[in-house]
Every structure is written in structure tokens, then in C-alpha cells.
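Going down the list, the sequences are from chains G and W.
Residue numbers for the first sequence follow this note's numbering, beginning at 1 and rising by one.
Residue numbers for the second sequence follow this note's numbering, beginning at 1001 and rising by one.
Cβ coordinates follow ideal geometry from the N, Cα and C atoms, glycine included.
None of these values were measured; they are calculated from a predicted model.
Protein chains: 2
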Amino acid sequence: MIIDNLKTPYYAVVFSTILTDNVEGYEAIANKMELLAKKQPGYLGVESARNSIGVTVSYWSSLEAITAWKNNVEHIEARELGRSKWYKKYRLRICKVEREYGFEN
Amino acid sequence: MIIDNLKTPYYAVVFSTILTDNVEGYEAIANKMELLAKKQPGYLGVESARNSIGVTVSYWSSLEAITAWKNNVEHIEARELGRSKWYKKYRLRICKVEREYGFEN
């Protein structure tokens, strides 16, 4: 899904990942984290795709909302599991969305 | 590929797309644009994935570099072709990358 009802300025977290060969359990926890993220204050939406790498961009109303989600206990547990089992590599970027454009046909 | 050698602050362009059913010619032009982008001043890298949607994040040293790429003549032509044939919907977000973290196992 593409998110198209947001007003700048807001924040984007770009989470780019390469998975290991052992992805048992990954999808269940990823889906659980997506549902949990949706319940957090300041969560605005997510856009995600994966083929050789995964690129997931979540949108948030403020840096405080991002920090609160980072410190969520279930999220911390999932992240530790991810580092020990599923992620070969990742980068996480915290960005301020300054402008946006759209097109729909 | 995941880009991991960048120093904040820099800029990210998050380009999220849904394609039409008519993607003939799309991949060739998309690849050509990726090669052309790499030659632009201020281009720092790209991360991209597609399944039900496409999420492509390109990284740039400045807003001026992003504007120059937006105004590149071949890029304008490709964008017009994209709007007329390949894109059902897109959002393009211009973001300032403020912080980043990484993990590698």
C-alpha cells in the first residue's frame, strides 16, 4: 500500500535489510511488529517491498514517536531475535520528510 | 545492495510506486535511469525493492543535486513515459537524513 494522506513535515524511518538463509519465524514476527507499530502514538503508515533486499519505510509524526517505538519492549525483543537469527545486515535511517509529490492515474 | 558509507546530514528521495499491467519497456528505462542517476553530481547511492509495490530510496548530497536530477532532460522524458504508460500511482518524498544506525553480522 502507498500512503498518500500525510502533511509535511513528518518523519520517515528507512529500514533496509538483507536476511540470512535462516528465515524461519521471521515473517510471523515481522507481521506482529507491523500490527504493533500501527498501535503506537504518532504512527502514520508504512510502505514495504522485498526481493533481493528489503526496503521498509515507516512514517511517524515526530522524533519522540520514533524513539518511543524504538524503546517498546516487544519491539526490543524482536530486534534482538532479528540480530541473532534473521538479519545479515541492515541500515536504519531517520529522516525528516520536507516535501512530497504524487501521481495517480 | 545496501549503502553504508554515508555521513549525515544528506538527503533521501523515497519513491514508492504501483505499476500498471502494461510494463513493456519499463525495466529497460528504469535500468537506464539508474545508470544515468549514478553519473549525476551529488548522487550517493540507491536501495530498491519491488513486489506488490516498489520502494526505491536514492541518496543525494544536497537538495540542489536532487533538483538538478529532477530537471535532467532524459529523466524528464522517462518520467513522462512512466506517467503515460507504467505508473498507476506514485509518491515521491524528499527527506533529510538526520541519523542512522547499522548492523552487520
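Considering L63(G), what are the terminal residues of the beta strand (DSSP E) in which it resides?
Walking along the first sequence from the start, residue 63(G) turns up at place 63. Careful: L63(G) lies outside any beta strand (DSSP E), inside the alpha helix (DSSP H) at 63–70.
In chain G, which residues lie less than 7 Å from D1004(W) when you measure between Cβ atoms?
Within the second sequence, residue 1004(W) is the residue found at index 4, counting from 1. Correct list: R91.
Is the segment 1042–1055 of chain W in contact with the segment 1013–1028 of chain W, if contact means three or more CB pairs nearer than 8 Å?
Segments in contact, yes.
Have a look at V73(G), Q40(G), H75(G) and flag the residue whose alpha-carbon is nearest the alpha-carbon of S62(G).
Within the first sequence, residue 62(G) is the residue found at index 62, counting from 1. Nearest of V73(G), Q40(G), H75(G) to S62(G), Cα basis: Q40(G).
S52(G) by DSSP, collapsed to three states: which one?
Reading the first sequence from its first residue, position 52 is the one you call residue 52(G). In this structure, S52(G) counts as coil in the three-state DSSP scheme.
With the cut-off set at 8 Å, would you say I1002(W) and K89(G) are in Cβ contact?
Against the second sequence, residue 1002(W) aligns to sequence position 2. Against the first sequence, residue 89(G) aligns to sequence position 89. It is a contact, given that the beta carbons lie within the stated cut-off.
Can you check whether the C-beta of K1096(W) is within less than 8 Å of a C-beta belonging to chain G?
Here residue 1096(W) is taken as the residue at index 96 of the second sequence, counted from 1. Yes, K1096(W) counts as interfacial toward chain G.
With burial defined as no fewer than 16 other Cβ atoms inside 10 Å of the residue's Cβ, what is the status of S1084(W): buried or exposed?
Position 84 of the second sequence holds residue 1084(W). Exposed, because fewer than 16 other Cβ atoms sit within 10 Å of the Cβ of S1084(W).
Using a Cβ-Cβ distance cut-off of 8 Å, determine whether N105(G) contacts chain W.
Here residue 105(G) refers to the residue found at position 105 when the first sequence is read from its first residue. For N105(G), the answer is yes, since a Cβ of chain W falls inside 8 Å of its Cβ.
Excluding the five sequence neighbours on either side, which residues of its own chain have a C-beta within less than 7 Å of the C-beta of T106(G), listed in chain order?
Because chain G spans 1 through 105 in this model, residue 106(G) falls outside it and cannot be assessed.
Check distances from the C-beta atoms of the segment 1030–1046 of chain W to those of chain G and list, in chain order, the residues that come in under 9 Å.
The residues in question: there are none.
Could you tell me whether any Cβ in chain W is nearer than 8 Å to the Cβ of S62(G)?
On the first sequence, position 62 is the one that residue 62(G) refers to. So, not an interface residue.
Report yes or no: do three or more beta-carbon pairs, one from the segment 1003–1011 of chain W and one from the segment 1090–1104 of chain W, lie closer than 8 Å?
In short, these stretches touch, since the Cβ pair count reaches three.
Under 9 Å Cβ-Cβ, which residues of chain G neighbour G1025(W)?
Start at 1 with the first residue of the second sequence, and residue 1025(W) comes out as number 25. Within 9 Å Cβ-Cβ: nothing; G1025(W) doesn't reach chain G, min ~16 Å.
What residues match up with K1089(W) in a beta bridge as DSSP calls it?
Here residue 1089(W) is taken as the residue at index 89 of the second sequence, counted from 1. Answer is E104(G), I1018(W).
Can you tell me the Cβ-Cβ gap for G1042(W) and W1060(W), rounded? I've got them flagged as a contact below 8 Å.
Start at 1 with the first residue of the second sequence, and residue 1042(W) comes out as number 42. Start at 1 with the first residue of the second sequence, and residue 1060(W) comes out as number 60. About 5 Å separates the two Cβ atoms, so the contact holds.
Using a C-beta to C-beta distance shorter than 8 Å, which residues of chain G count as neighbours of E1100(W)?
Taking the first residue of the second sequence as position 1, residue 1100(W) is located at position 100. Here the neighbours are R91, L92, R93, I94.
Taking 8 Å as the CB-CB cut-off, is K1007(W) touching chain G?
Start at 1 with the first residue of the second sequence, and residue 1007(W) comes out as number 7. Cβ-Cβ to chain G under 8 Å: no for K1007(W).
Using a Cβ-Cβ distance cut-off of 8 Å, determine whether I1076(W) contacts chain G.
Looking up residue 1076(W) in the second sequence gives position 76. So, not an interface residue.
Counting only beta-carbon separations shorter than 8 Å, does N22(G) have a partner in chain W?
Mapped onto the first sequence, residue 22(G) falls at position 22. Cβ-Cβ to chain W under 8 Å: no for N22(G).
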